Amino acid sequence: MLNFEYTSEQKEIKELSLKFARNEMHPKAQEYDDNKKFPGDVLAKAWELGLMNTSIPTEYGGSGFTASDSVLITECLAYGCMGMTTSMMANDLALLPIIIGGSDEQKKRWLTPFTNEFKFASFCLTEPGNGSDAAGLKTTIKDNGDHYVVTGNKMWITNAGHADLFVVYGTIDPALKHKGISCIVIDASSEGIEIGKAEDKMGHRCSDTRSLNFNGVKVPKENMLGAPGEGWMIAMKTLDHSRPLVASCALGGAVRALECASQYAKERVQFGVPIAKHQAIQTIIADMGIKVEASRLLVSKAAWLLDQGLPNTKVASMAKAFAADSCMQITTDAVQVYGGYGYSKEYPVEKLMRDAKLIQIYEGTSQIQRLVISREIFKEY
Amino acid sequence: MAKILVFAEHNSGTVKGVTFEILGKLSSHTLEVVAFDGLSDDGVAELGKHGATTIHKIKGEGLDTYSPEGYANALKEVISSGSYDYVFAGSTSLGKDLFPRVAGMFDAGMISEVVEINFDGETFKGTRPLFAGKVLATVELDGPKPHFVTVRPNSIGMPDSAAGGSANVVDVTGNAGSIRAVVNEIIKGASEKLDLTEASIIVSGGRAMKNSDNFKILHEMADVLGATVGASRAAVDSGYADHSMQVGQTGKTVAPTLYIACGISGAIQHLAGMRTSKVIVAINTDPDAPIFQKADYGIVGDLFKVVPVLTEELKKLMN
Amino acid sequence: MNIFVCVKQVPDTETKVTPNSDGSFINLDSIKWIMNPYDEFAVEQALQIKAAQSESTVTVVRVGSVRDTEALRTAMAMGADESILVEAEDNLDSYCIAKAIKGGIEKSGKTPDLILCGKQAIDDDCLQVPQLLSQMMELPSVSMVVGFEQTGEDLKLRREIEGGSIEVYSLKTPAVVACNKGLNTPRYASLPGIMKAKRKPLAQHSLADVGVTDGDRRVKYSSFNLPPEKPPGKKFEAMDEDAVAGVVSEVVGLLRNEAKVI
Chain A
1 MLNFEYTSEQ KEIKELSLKF ARNEMHPKAQ EYDDNKKFPG DVLAKAWELG
51 LMNTSIPTEY GGSGFTASDS VLITECLAYG CMGMTTSMMA NDLALLPIII
101 GGSDEQKKRW LTPFTNEFKF ASFCLTEPGN GSDAAGLKTT IKDNGDHYVV
151 TGNKMWITNA GHADLFVVYG TIDPALKHKG ISCIVIDASS EGIEIGKAED
201 KMGHRCSDTR SLNFNGVKVP KENMLGAPGE GWMIAMKTLD HSRPLVASCA
251 LGGAVRALEC ASQYAKERVQ FGVPIAKHQA IQTIIADMGI KVEASRLLVS
301 KAAWLLDQGL PNTKVASMAK AFAADSCMQI TTDAVQVYGG YGYSKEYPVE
351 KLMRDAKLIQ IYEGTSQIQR LVISREIFKE Y
Chain B
1 MAKILVFAEH NSGTVKGVTF EILGKLSSHT LEVVAFDGLS DDGVAELGKH
51 GATTIHKIKG EGLDTYSPEG YANALKEVIS SGSYDYVFAG STSLGKDLFP
101 RVAGMFDAGM ISEVVEINFD GETFKGTRPL FAGKVLATVE LDGPKPHFVT
151 VRPNSIGMPD SAAGGSANVV DVTGNAGSIR AVVNEIIKGA SEKLDLTEAS
201 IIVSGGRAMK NSDNFKILHE MADVLGATVG ASRAAVDSGY ADHSMQVGQT
251 GKTVAPTLYI ACGISGAIQH LAGMRTSKVI VAINTDPDAP IFQKADYGIV
301 GDLFKVVPVL TEELKKLMN
Chain C
1 MNIFVCVKQV PDTETKVTPN SDGSFINLDS IKWIMNPYDE FAVEQALQIK
51 AAQSESTVTV VRVGSVRDTE ALRTAMAMGA DESILVEAED NLDSYCIAKA
101 IKGGIEKSGK TPDLILCGKQ AIDDDCLQVP QLLSQMMELP SVSMVVGFEQ
151 TGEDLKLRRE IEGGSIEVYS LKTPAVVACN KGLNTPRYAS LPGIMKAKRK
201 PLAQHSLADV GVTDGDRRVK YSSFNLPPEK PPGKKFEAMD EDAVAGVVSE
251 VVGLLRNEAK VI
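Keeping their order, the protein sequence lines are chains A, B and C. Start counting the first sequence at 1; every next residue gets the next number (the working numbering). Start counting the second sequence at 1; every next residue gets the next number (the working numbering). Start counting the third sequence at 1; every next residue gets the next number (the working numbering).
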């Protein structure tokens, strides 16, 4: 039985998240982007309202949101600002491996503090030489008797400058390939961690992105998630959860672009009528609307499968690829509708276009998603 | 004919304009007026000219200044003694607070803020805006009498002529009764000007004012015009202006004869609060700003360039 | 303290409002409902008192249709303990609403120490209910309150009057207080608050239950219609600094001679 209606709580969740996006994020989005200012104040308010760390289960102090709730919240927040949302989502991305692979003791130790206190964690997978080819990572996790020693470089780490925890992927033995990959939680105050300078990015400029060097960092044995060598499985399951979120981030940005373009088209007069009366603009707006709706359906299905405990790898990748590519197209078209004004920083759409680009790249590029999708399709037929 | 009593609110003796608007509109009736002591001789004469036959002037202990319960108790006595069909008052700051209380004392109905009065001699019918002026509706009263009606200032307009005679002043000793909510102190606001809801000219600033200091140029223009300064919600929310200055659906609904909007884009909620202004002038850099669709005279330009020139030009004219 | 907060559900300020086909009221279908913005100040004030006096309970009361109970749910998600809904059509007059609120409060069995309201509802803008309610309940009341201090039974309230002046009132509880913008900054309903709100009690009554009858209606509305559209105005281009003087002088001339307003 299909049902597209939000529950009454979801309606309220949406209402609150949108109110937060409009009142707290929209007024600051442009300024924080211009100045590369970390939105700590906005995020602290979001945390107070329970808008962050939505993946944490109730047993560990979370609010008990379903994946469907989480994607709804993320869509609304990204409608406020995709850059700020990246910073919030990065927490979920870092905590998900603990939720998926951690023991009860580990979950209590690491998840519960995030419900009591406003703090950050970073997910550390990508390396300077390994992006899409994640399994080829070079960071080593060496068993040194009563502890592990972690050595290696990580790249594009969101929130790295603010994090208390680093959830790090490394290998116990490069020869084991996937089977050597392990996931370990490192306290940010550990000795031997070198935090790089903040990257100067095209978009998501308010989010904090840095490189990290682990120079022989000693990590207690009890910080390993699952058994050594289970890291790849944890990473893949994490992506099943995080890709719908990232897709909903793209969706939220697209909704904002559609709203801006549509409102502007009704106001802007050319040839004596609002440009919304011109067919050329109408087809652009209609195509934007189609893509938004289709993205939302894919995102909802990917989250619904997750909530049902059903495999969602294929649909999650479809949602991520389609929503990200659509967001890029929609934001580009929004700039087109605005014309010259759209290219100026005085209007919000050029930022949306810059922000959109990153979503086609992180959490698996649009090309990697298609690789995943085709692999799943070949299994089916 | 219905028996009518009109409440004449005065400010240090000067009768508020809305009183004359009401008297003018109801001039075919026999009109009695009730006022609290302190009315000037001029005020008495003006009320007479506008058709008041009798003025009930209430004087009594505890009635020198406004207190909701004191005024309500004293008015109740006068109203009870006259078996009136209708009691009218201006929908001023005081009227809005006081009249629902008095109506409540009589278990009677009240219509707030009508902008049009239709009276067939016996039965009142009015028009009032709802949903901040997005719609208008016809409104009538039912139930025990007297019926109470308040009228939005500046909406009916002053009568063309005031050809009445002189009113017979009756002194009434009022009883403030027991007062539970006591007014201890009045802290004077910065503005000595007319309240926005009563002002006949308003100069308003929006987000484009950039900061509170810049409102100075609006005050300069307002001084020349005898206007009151208002602000949009965006300007209030940004901290450029006090909430008491806010015009709009969540601020004050105004109906001046001239509204000058400076750097206000014209969000629905702002337009809702000032759309019934007789003449609207808008100054904005964005030629597509929605305010221009409501403006009688729109100036596409930078308010910081336009306003000082406008002030100078008005100064020349006023001299 | 038993604190009651009266809330109304009104169309969002940005919602388009149009008369219905027979002009008897407005089209209700496409309306987005919100809690009356002034009522948010009342809810916030109640929650601040509750935070300072833990034994206090906050009950929200609403008179209106059951189609959507947004305002009550929002208030409970913000932190109110329970709510009362008196079911009625959305175009009731102030007298009936005040009487229904009184009846709803009495049904709760609790004696109110404080009744907080928004200063007015932005749908009918009557600004009557708080004062009427105080008359009906024989309680003192202060309207348009922008400052609230409480010491035991003593209230010190600041009321905004014309020209931004302030009247300072002293009175004792129980009382009715109508809240204005500027009193406080209403909190958001938090997500955990939203989840908790669904388990909070909501009592529901009909108008008849609370003693309101057809004969109580005092104000009758009819012929809802749109205000007349203004004809398009004149627009002058003055982005170029050299054009300013000419445009200003022309507009001033028009204000004087055409519009005759100065």
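For each residue, glycine too, the CB sits at the ideal point set by N, CA and C. Values in this document were obtained by computation on a predicted structure and should not be read as measured data.
On the DSSP bridge list, what partners appear for residue i?
| i | result |
| --- | --- |
| B/K252 | B/V247 |
| B/Q269 | DSSP lists no partner for B/Q269. |
| B/Y297 | B/V281 and C/K234 |
| C/R158 | C/G147 and C/V168 |
| B/L136 | B/P129 and C/N225 |
| A/Q270 | A/V273 |
| C/N27 | Per DSSP, none; premise fails for C/N27. |
| C/V5 | C/V60 and C/L116 |
| C/M35 | C/Q9 |
| A/C124 | A/V168 |
| A/L225 | A/C183 |
For residue i, is the classification buried or exposed, using 16 other Cβ atoms within 10 angstroms of its Cβ as the cut-off for buried?
| i | result |
| --- | --- |
| B/N73 | buried |
| B/M1 | exposed |
| B/K134 | buried |
| C/V7 | buried |
| C/R199 | exposed |
| C/G246 | exposed |
| A/P311 | exposed |
| A/F271 | exposed |
Please check if any C-beta of chain C sits within less than 7 Å of the C-beta of residue i.
| i | result |
| --- | --- |
| A/G50 | yes |
| A/E402 | Lying outside 1 to 381, the shown extent of chain A, residue 402 of chain A is not represented and no answer is given. |
| A/S63 | yes |
| B/P308 | no |
| B/K134 | yes |
| B/F131 | yes |
| B/R101 | yes |
| B/L258 | yes |
Tell me where the beta strand (DSSP E) around residue i begins and ends.
| i | result |
| --- | --- |
| B/G126 | F124 to L130 |
| B/T19 | Counting along the chain, B/T19 falls outside any beta strand (DSSP E), though it belongs to the alpha helix (DSSP H) covering G17 to K25. |
| C/H205 | L202 to S206 |
| A/M155 | H147 to T158 |
| B/H56 | A52 to K59 |
| A/K142 | T140 to D143 |
Can you tell me where the alpha helix (DSSP H) with residue i in it begins and where it stops?
| i | result |
| --- | --- |
| A/E31 | H26 to D34 |
| C/M137 | V129 to M137 |
| C/Q53 | Element bounds for C/Q53: n/a, residue is neither H nor E. |
| B/G90 | Not the alpha helix (DSSP H): B/G90 falls in the beta strand (DSSP E), residues Y86 to G90. |
| B/S28 | Careful: B/S28 lies outside any alpha helix (DSSP H) and carries neither H nor E. |
Looking at the C-beta of residue i, does it have a partner C-beta in chain A at a distance below 7 Å?
| i | result |
| --- | --- |
| C/S65 | no |
| C/I122 | no |
| C/L191 | yes |
Show which residues of chain A have a CB atom less than 9 Å away from the CB atom of residue i.
| i | result |
| --- | --- |
| C/P186 | The premise fails here: C/P186 is roughly 11 Å from chain A at the closest Cβ pair, so nothing lies under 9 Å. |
Is the CB of residue i under 7 Å away from at least one CB in chain B?
| i | result |
| --- | --- |
| C/N36 | no |
| A/R22 | no |
| C/M78 | no |
| C/N225 | yes |
| C/S30 | no |
Which bits of chain B does residue i rub up against, with CB to CB less than 7 Å?
| i | result |
| --- | --- |
| C/C126 | S112 |
| C/E40 | Within chain B, no residue comes near C/E40; the closest Cβ sits about 10 Å away, beyond 7 Å. |
Cβ closer than 8 Å: which chain A residues qualify as neighbours of residue i?
| i | result |
| --- | --- |
| B/D288 | E267, R268 and V269 |
Against residue i, what residues of chain C qualify as contacts under a CB-to-CB distance less than 8 Å, listed in chain order?
| i | result |
| --- | --- |
| A/E9 | I194, M195 and K198 |
Applying a beta-carbon distance threshold of less than 7 Å, which residues of chain C neighbour residue i?
| i | result |
| --- | --- |
| A/K19 | Y188 |
Show which residues of chain B have a CB atom less than 8 Å away from the CB atom of residue i.
| i | result |
| --- | --- |
| C/V168 | V183, N184, E185, I186 and I187 |
| C/K220 | V139, E140, L141 and D142 |
Taking C-beta pairs closer than 7 Å, name the residues in chain A that residue i reaches, listed in chain order.
| i | result |
| --- | --- |
| C/R217 | Going along chain A, no residue has its Cβ under 7 Å from C/R217, so there is no contact; the nearest lies around 32 Å. |
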